[in-house]
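A.B. asks: Numbering (the numbering used here), first residue to last: 21 to 202. We treat Cβ as the ideally placed atom computed from N, Cα and C, and that holds for glycine.
1. With a cut-off of 9 Å, does the C-beta of residue 79 fall near any C-beta of chain D?
2. Please confirm if the region 189-199 is in contact with the region 133-149, defined as three or more CB-CB distances below 8 Å between the two stretches.
3. List the endpoints of the continuous alpha helix (DSSP H) containing residue 63.
4. May I ask which residues mark the beginning and end of the beta strand (DSSP E) holding residue 130?
5. Can you list, in chain order, the residues of its chain whose CB lies under 7 Å from that of residue 77, leaving out five sequence neighbours each side?
6. Report yes or no: do the region 99-116 and the region 144-152 share at least 3 C-beta pairs separated by less than 8 Å?
7. Quick one, are the C-beta atoms of residue 188 and residue 153 less than 9 Å apart?
8. With DSSP as the reference, label residue 142 as helix, strand or coil.
9. Quick one: residues in its chain with C-beta nearer than 7 Å to the C-beta of residue 93, no 5 flanking neighbours on either side, listed in chain order?
10. Look at the alpha carbon of residue 84 and the alpha carbon of residue 73, and state the distance between them as a whole number of angstroms.
11. Just reading off the beta strand (DSSP E) that residue 193 is part of, what are its end residues?
12. According to DSSP, is residue 39 helix, strand or coil?
13. How long is the line joining the alpha carbons of residue 59 and residue 118, rounded to whole angstroms?
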């Protein structure tokens, strides 16, 4: 499965992506607000994640959609974005990361818009939720730019494997009826 934007192809990861995934996520600046990403991040970690994602794709009903972010025309994975349906009521969480050399170029915004459109238009979900560590200024700014509404601050809700730190998180959401970016 592929989701396309003007500059990106979001596609399911394949075994041959392990090196580019490791190269881009094995950076403490990238992983410092991600809960289950170890540091250092090894080839073995990347291979496990690719296999885990492949298993999740086969579950019925499917609830987990993990995409590698590639920048056209290259097929190299430079980041990842995932959508996980969290309950039967049509709600999904979205999480995203991208290699540091690709920051501040609009790629994460573009990828997230495409995945939210997929959630609402194709999967017919009712609501999308994103969260970010309070200290993660870039992610909080991006989520607000997407038009999601701040819901609450959760105390000590994010435990980061790579740093051992615990963070408060800001929780944001938007409903299908409120979403207006295409």
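C.D. replies: Reading from the atomic positions:
1. Note that chain D does not occur in the displayed structure, where there is just one protein chain.
2. yes
3. 63-77
4. First-last for residue 130: 127-137, but that is the alpha helix (DSSP H), not the beta strand (DSSP E).
5. 32
6. yes
7. yes
8. helix
9. none
10. 8 Å
11. 186-195
12. helix
13. 16 Å
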